[in-house]
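Notes follow the structure.
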Amino acid sequence: MARLSESVPIIYTRAATPGRLGPLTRLLSLGIALASLTVLTVAAYVEPNRAGIGSHSSSLGLPQCGFLQTTNLPCPSCGMTTSFSHFVRGNLLASVYVQPMGAVLAAMACASVWAGLYIAFTGRPAFRLLRLLPGRYYLMSLFGLALAAWAWKIMLRLNGWDGWG
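According to the working numbering, the sequence shown is numbered sequentially starting from 4.
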């Protein structure tokens with residue numbers, strides 16, 4: 004005779020609770036959270052450039068974009084620092100306008116801080132939800148958004164609409 008646990012369909016059984024993550028994974032999560040927080044903190048220090056590009060040069064002393072200087076067209080990452088800087092100040096509209104992919108990456112950095120701290124302090128995995136959606140879907144969407152954001156930035160530059168403020 005079959006035992007009761009063998010005769011119950013799997014759909015009616017409780018899901019196993021995930022175990023705690025090991026110390027190395029928790030330390031890695033803490034490192035990711037701190038790295039993301041550092042990026043957001045630096046963005047808070049940087050004053051957004053009204054031209055929509057070049058905040059990294061004026062505030063951090065980094066060199067100008069070589070691609071922009073050579074072609075007079077923005078590179079795929081032009082405006083990211085300015086976008087992050089607007090984002091951390093709460094000016095989300097300016098962040099999206101200046102560089103849409105920068106706004107998405109800034110939001111992902113914020114989520115990484117909270118998820119990394121959650122994993123580090125509780126030991127519970129927060130990434131289980133990502134398994135519900137295969138990587139090719141969100142990675143291809145992010146890649147498509149990056150290309151569209153670059154096209155947006157080029158259009159702004161060619162029409163003289165670059166900048167906020």
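All residues carry an ideal CB built from backbone N, CA and C; glycine is no exception.
Contact annotation, Gly105 with Ser98: C-beta distance approximately 6 Å; criterion of less than 8 Å satisfied. About 6 Å separates the Cβ atoms of Pro103 and Trp155, confirming a contact at the 8 Å cut-off.
Judged by beta-carbon spacing, Ser62 lies beyond the 9 Å limit of Val42, meaning their Cβ atoms are not closer than that value. Taking every protein chain shown into account, the CB of Ile14 has fewer than 16 other CB atoms within 10 angstroms, so this residue is exposed. Membership of Asn52 in any alpha helix (DSSP H) is not indicated, and neither H nor E is assigned to it by DSSP. Setting aside the 5 residues that flank it on each side, Gly126 is surrounded in the same chain by Arg23, Leu24, Arg29, each with a C-beta closer than 7 Å to its C-beta; the list follows chain order. Cα atoms of Gln67 and Ser60: separation of roughly 6 Å, rounded to the nearest angstrom. Contact annotation: the region 30-37 touches the region 117-124, with at least three C-beta pairs closer than 8 Å. In this structure Arg160 is buried. Its beta-carbon is surrounded by 16 or more other beta-carbon atoms within 10 angstroms. Annotated three-state conformation of Asn94 is coil, per DSSP.
Per the coordinates, the alpha-carbon of Met143 lies some 15 Å from the alpha-carbon of Trp153. Of the candidates Ser10, Cys113, Val101, Val101 places its Cα closest to the Cα of Gly57. DSSP, reduced to helix, strand and coil, places Ser32 within a helical segment of the structure shown.
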